[in-house]
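There are 2 protein chains.
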Amino acid sequence: MSYFEKRIDGEQKYKGVIVNVVLDRAELCDGSIVKREVVQHPGGATILPMDDEGYCYCVRQFRYPFQKELLEAPAGKLEYGENPRECAVRELSEETGFTADEIIYLGADYTSPGFSTETLHIYLARGLHKGKNHLDEGEFLSVEKHHIDELTELVMNGEIADGKTVIAVLKAKRLLESEK
Amino acid sequence: MSYFEKRIDGEQKYKGVIVNVVLDRAELCDGSIVKREVVQHPGGATILPMDDEGYCYCVRQFRYPFQKELLEAPAGKLEYGENPRECAVRELSEETGFTADEIIYLGADYTSPGFSTETLHIYLARGLHKGKNHLDEGEFLSVEKHHIDELTELVMNGEIADGKTVIAVLKAKRLLESEK
Chain E
1 MSYFEKRIDG EQKYKGVIVN VVLDRAELCD GSIVKREVVQ HPGGATILPM
51 DDEGYCYCVR QFRYPFQKEL LEAPAGKLEY GENPRECAVR ELSEETGFTA
101 DEIIYLGADY TSPGFSTETL HIYLARGLHK GKNHLDEGEF LSVEKHHIDE
151 LTELVMNGEI ADGKTVIAVL KAKRLLESEK
Chain X
1 MSYFEKRIDG EQKYKGVIVN VVLDRAELCD GSIVKREVVQ HPGGATILPM
51 DDEGYCYCVR QFRYPFQKEL LEAPAGKLEY GENPRECAVR ELSEETGFTA
101 DEIIYLGADY TSPGFSTETL HIYLARGLHK GKNHLDEGEF LSVEKHHIDE
151 LTELVMNGEI ADGKTVIAVL KAKRLLESEK
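One line per chain: the protein sequences are E and X, in this order. So the first sequence is numbered by our numbering: it starts at 1 and just counts up by one. So the second sequence is numbered by our numbering: it starts at 1 and just counts up by one.
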């Protein structure tokens, strides 16, 4: 059986810095009319850089909504019209200084499909070359080196809870295991 | 090195059905003042029910922000004051009809820690007992049975992109592998 929710009309309720919020009226498959609140987000890219020995470079940064520092794979929002792969490469360079010979797509992450349009595209970077990072103004973070096995442990025991990083680590680990 | 962003003040910009949005002023560690936009969400729980042969029960439902149907682990928002485990058990029953002898915590998922407070708590249910599902009004979904190996394939090839479901499947699969 297939379901559909057809937009009737709607209005923008909030126009913000990162997100906009719209409140639509939609018709369900049984003909009933409901409100659908949608947080619109430009989307982004996440990239896990891993060297030939399996060591990965993550960033530790303060996340205001959680009022604590989180360990995450480098990531950033898409700029207007930007290709996700270009965004990933740009964020990798800005946050860690690395360039990479190989960029492997690990798939999309719909972070909250019940109410948000945010899609993150997740990549693995291999064949790393060290350069100098160059953070945006007002961006403060530390780069940390952890082995993929340690990151997998931190993910499985819940110490890493950032969704995109959990996905990047577990997919990268499975990919490595499949290559053995 | 440790970073901190201290809230100075802020105002609620939007009060909605699922989310609220606040726009704060915060002081960074270098003393500069920035805006911090925060989407406030009550959080939720996700639960992947798996039988003794490794078959899992997922739900296919229309997701308005993506205008398509997605295959997801059963999930729902926390009701006011609700414990995440109770929420998981409630959603499992409502969406699939199952009760479970064993509920295993697989960790938290911060879906979008850059701008949203949403935390999803992820569980694995085993020792399943079939009952009758009882959907909320206006909730339309189909229950589908897939083996954990097939779900892992769908996650790895990108066909399943819902973040919480990707995490639930990959963590459950690793847990199974570790038990062998």
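Beta carbons: idealized from backbone N, C-alpha and C, even for Gly. Everything numeric in this text was worked out from a predicted model, so none of it was measured.
Check, Outcome
"Assuming Cys56 (chain E) and Leu71 (chain E) are in contact, meaning their beta carbons sit under 8 angstroms apart, how far apart are those beta carbons, in whole angstroms?", "Going by Cβ atoms, the distance from Cys56 (chain E) to Leu71 (chain E) rounds to 10 angstroms, so no, they are not a contact pair."
"Tell me the residue span of the beta strand (DSSP E) that contains Ile160 (chain E).", "Segment: none, Ile160 (chain E) is in no beta strand (DSSP E) and carries neither H nor E."
"When the distance is taken between beta carbons, is Leu92 (chain X) closer than 7 angstroms to Ala168 (chain X)?", "no"
"Going by DSSP, name the residue or residues bridged to Phe62 (chain X).", "X:Glu69"
"Tell me the DSSP secondary structure of Thr165 (chain X) in three-state form.", "helix"
"So which residues of chain X does Lys180 (chain E) contact, with C-beta pairs closer than 9 angstroms?", "Here the premise fails: no neighbours, minimum Cβ distance about 14 angstroms."
"Please report the distance separating the alpha-carbon of Lys130 (chain E) from that of Tyr80 (chain E).", "28 angstroms"
"According to DSSP, what are the bridge partners of Arg7 (chain E)?", "E:Ala26"
"Quick check on this structure: which residue in E:Glu102, E:Cys29, E:Ser178 and E:Glu139 has the alpha carbon closest to the alpha carbon of Asp52 (chain E)?", "E:Glu102"
"Any beta carbon of chain E sitting closer than 7 angstroms to that of Glu150 (chain X)?", "no"
"Identify whether Asp149 (chain E) lies in helix, strand or coil by the three-state DSSP scheme.", "helix"
"DSSP three-state call for Ser142 (chain E): helix, strand or coil?", "strand"
"Let me know the secondary structure DSSP gives Glu86 (chain X) once reduced to three states.", "helix"
"Please determine if the stretch 112-129 of chain X and the stretch 108-125 of chain E are in contact, where contact requires at least 3 C-beta pairs separated by less than 8 angstroms.", "yes"
"Under 6 angstroms Cβ to Cβ from Leu176 (chain X), same chain only, skipping five residues before and after it: list those, please.", "none"
"Return the first residue and the last residue of the beta strand (DSSP E) that Val47 (chain X) is part of.", "Note on residue identity: the sequence assigns Ile, not Val, to residue 47 (chain X). Unbroken beta strand (DSSP E) run through Ile47 (chain X): Gly44 to Pro49."
"How long is the line joining the alpha carbons of Lys164 (chain X) and Glu137 (chain E), rounded to whole angstroms?", "32 angstroms"
"Give the range of the beta strand (DSSP E) segment to which Lys132 (chain X) is assigned.", "Premise fails: Lys132 (chain X) is in no beta strand (DSSP E) and is neither H nor E."
"Using the Cα positions of Gly43 (chain E) and His121 (chain E), report the straight-line distance between them to the nearest angstrom.", "8 angstroms"
"Mind checking whether Ser142 (chain X) and Arg60 (chain X) have CB atoms under 7 angstroms apart?", "yes"
"Taking the alpha-carbon positions, what's the Glu150 (chain E) to Ala73 (chain E) distance?", "14 angstroms"
"In the DSSP output, what is Lys35 (chain E) paired with across the bridge?", "E:Arg25"
"Tell me the residue span of the beta strand (DSSP E) that contains Leu106 (chain E).", "Thr99 to Tyr110"
"Taking Ala161 (chain X) as the reference, give the member of E:Ser178, E:Gly107 and E:Glu159 with the closest Cα.", "E:Gly107"
"Can you find a CB in chain E that lies within less than 7 angstroms of the CB of Asp51 (chain X)?", "no"
"Just to confirm my understanding: we take Ala45 (chain E), look at its own chain, exclude 5 residues before and 5 after, and list those with CB closer than 6 angstroms. What are they?", "Pro84, Cys87, Ala88 and His121"
"Compare the C-alpha of Ile8 (chain X) against each of X:Lys15, X:Ile18, X:Val21 and X:Leu28 and name the closest.", "X:Leu28"
"Beta strand (DSSP E) containing Lys180 (chain E): first to last residue?", "Segment: none, Lys180 (chain E) is in no beta strand (DSSP E) and carries neither H nor E."
"Taking beta-carbon pairs under 9 angstroms, can you tell me which members of the stretch 88-118 of chain E lie near chain X?", "Tyr105, Leu106, Gly107, Ala108, Asp109, Tyr110, Thr111, Ser112, Pro113, Gly114, Phe115, Ser116, Thr117 and Glu118"
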